[in-house]
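Numbering (the working numbering), first residue to last: 622 to 963. Note that the Cβ used here is the ideal one computed from N, Cα and C, for glycine as well. Since this is a predicted model, take the numbers as computed values, not measurements.
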Ligand code: SF4
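In structure tokens:
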């Protein structure tokens, strides 16, 4: 690597002098709070995480309180953030630490990596921020910075790329100051070395950056796979008897596990494929996930529900005023809000 030994100093100086990203978990040393922020930050931008972080900590200031909480309450607080498998892993890890590990977080990289929902990135983040251990974080920001610094043509999403960039990040890091260095490089990626229109002239590393010197910044990082978005059509039968709606919990290995929805018929297109006695018109809402685009059609049926239908779909009768106690996907909440059920 062609950076001089002083590179980490210039990065840390930039971080202390110029970087004003003020986030509530910055400089935090409590492993519970750091872990919580890192789980929330997986797949989500820092600005969107802040209200969730504050809300969860207000309800559960310690891991013991989180572990003892009703799961439905935690899912409700998580509502709107997506990627609910993170929330399930958060609950499992909180219970394990509270009940099996005397409420103590493991203080080694390997111990952290063994926890549910923690991969190499999160283990490095918690190890360095909470315990000042010399593990380099390699998130999307760091991949991008290093790929540009080296003008590397190795795809960042390949097995070779993962190994290569992890090694480069480890070589680059300031092992005497891992916490502040890791924070600084992630902030550099978020505020200066941005995916589009990076602010290279303000970058503390622009003198050593190969992509900048060769005017090829926009070419990096290189990815091998194109993201394929699957289109799904969810037809929801909304039974409304005048006082209640009928919902069910999603189970199985699919999106939105443990959240609540209406009776569902999934098809390959906008046609529901069944006929109704009276044809209700559907209202349509959409939700974009990373790999899927959901189009949801809601057919409101103002009628008493047959016992057979309740059994077939595994429905639960819920009074309007109690709907707010159930965690639901955004697309369902949008429907409920627009139709004044919530
Ligand atoms: S000079 Fe530009 S491309 Fe290179 S690391 Fe800095 S911000 Fe990124």
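If you check the CB distance, residue 716 and residue 678 do not come in under 8 angstroms. Here the distance from the Cβ of residue 727 to the nearest heavy atom of the ligand SF4 is not below 7 angstroms. Rounded to whole angstroms, residue 872 and residue 756 show a C-alpha spacing of 37 angstroms. In this structure, the straight-line span from the alpha carbon of residue 834 to that of residue 766 is close to 14 angstroms. Scanning its chain for C-beta atoms nearer than 6 angstroms, with the 5 sequence neighbours on each side dropped, one finds around residue 955 the residues 906, in chain order. Its chain contains 705, 706, 709, 871 and 872 as the residues whose beta carbon lies nearer than 8 angstroms to that of residue 878, once the 5 sequence neighbours on both sides are disregarded; these appear in chain order. Linking residue 911 to residue 853 through their CA atoms gives a straight-line distance of about 13 angstroms.
When only Cα atoms are considered, residue 721 and residue 651 end up about 19 angstroms apart.
Within 7 angstroms of the C-beta of residue 646 there is not a single heavy atom belonging to the ligand SF4. Around residue 667, the same chain offers 644 as residues with beta carbons nearer than 6 angstroms, after the five sequence neighbours per side are excluded. Counting only beta-carbon distances shorter than 7 angstroms to the non-hydrogen atoms of the ligand SF4, the qualifying residues in chain order are 766, 769, 770, 813, 814, 819, 820, 821, 824, 826, 827, 830, 832, 833 and 838.
Residue pairing by DSSP puts residue 940 in a beta bridge opposite 865. For residue 912, the secondary structure class from DSSP, reduced to helix, strand or coil, is coil. Across the structure, residue 760 and residue 728 are spaced so that their CA atoms are roughly 21 angstroms apart. For residue 793, the uninterrupted alpha helix (DSSP H) segment begins and ends at 780–793. With at least 16 other beta carbons inside 10 angstroms of its own, residue 789 counts as buried. DSSP places residue 769 within a helical segment (H, G or I) once states are collapsed to three. For residue 886, the enclosing beta strand (DSSP E) stretches over residues 884–888. One thing to note: residue 730 has its Cβ within 8 angstroms of the Cβ of residue 745. For residue 951, the enclosing alpha helix (DSSP H) stretches over residues 951–959.
Under the criterion of beta carbons closer than 8 angstroms, residue 747 and residue 656 qualify as touching, at roughly 5 angstroms. Secondary structure of residue 921 (DSSP, three-state): strand.
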